[in-house]
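Undergrad: Numbering (full-length UniProt numbering), first residue to last: 1 to 262. Every residue, glycine too, gets a C-beta built ideally from N, C-alpha and C. Just passing along the structure, written as structure tokens.
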């Protein structure tokens, strides 16, 4: 069974990155020639939809492979923003995130504002999994955090909600119109998956700044850019129309596959 799961992951990674990866060199770069109106963009979006349907058909509600501590052979490699250069974040960090809160809003019956201590007092899950980056590298690490499903249960998601949008503290892009904070999303199927956690621990220690402290998302059946760091707010929505460029995430608005399954 493990051999089949790994083979499936390789197949789906090849299917997704072999198409969308043609124009994408990694989480820190994007080919500006790939414009929304291009025929190539339309072709890639069609291929991404096919990958999403194939993943759903093959994976169902299965778990991503998990490993043992003997498989952890190096620290978790950081990438993208590793030290947010934002005054708000720096202020929270200076106080060891005592003033930080995770806000849960949007299409919920009970909006939440949770401290890190409150999250850590909820039931937790620890899993040793492999992080696969679109840049082509992988790393096995042990993550500890609160299952996202428990937070959604506490907030009582409204029936019309379809997606969970993650709003972050790190600035991913600076422009004349203002700083753009990182944002991303997943659907409710992946949000309620048992391995989808809000991680505050890494390899038995508190989550380091370079890996996303105070809180980051782990969605173990998806590629690395689908796991936002420096989390501040979760929003439940029924569409992406009012989120960034309307495609569900920062990198997705710039041409990446929205689903990002492996």
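By the DSSP assignment, the beta strand (DSSP E) with residue 158 in it spans what residues?
TA: Taken as a continuous stretch (DSSP letters only), residue 158 belongs to no beta strand (DSSP E), as it is neither H nor E.
Undergrad: Count the other CB atoms within 10 Å of the CB of residue 96; is the residue buried (16 or more) or exposed (fewer)?
TA: Exposed.
Undergrad: List, from N- to C-terminal side, the beta strand (DSSP E) runs of 3 residues or more that fit wholly inside the segment 101 to 137.
TA: Those beta strand (DSSP E) runs which fall completely within the segment 101 to 137 and span 3+ residues are 102 to 106, 112 to 114, 125 to 132.
Undergrad: Can you tell me the Cα-Cα spacing of residue 246 and residue 240, whole angstroms?
TA: The alpha-carbon atoms of residue 246 and residue 240 are separated by roughly 5 Å.
Undergrad: Return the chain-ordered ranges of every alpha helix (DSSP H) run that is complete within the segment 159 to 197 and spans a minimum of 4 residues.
TA: Runs found: 188 to 191.
Undergrad: Taking only three categories from DSSP, how would you classify residue 264?
TA: Here the chain has residues from 1 to 262 only, and residue 264 is not among them.
Undergrad: Is it true that the CB of residue 226 sits closer than 8 Å to the CB of residue 212?
TA: No, Cβ-Cβ distance for residue 212 and residue 226 is not below 8 Å.
Undergrad: At which residues does the alpha helix (DSSP H) containing residue 88 begin and terminate?
TA: Segment 87 to 94, the alpha helix (DSSP H) holding residue 88.
Undergrad: DSSP state of residue 225, grouped into three classes?
TA: Three-state DSSP puts residue 225 in a helix.
Undergrad: Start and end of the beta strand (DSSP E) containing residue 232?
TA: Run containing residue 232: 231 to 237, per the beta strand (DSSP E) assignment.
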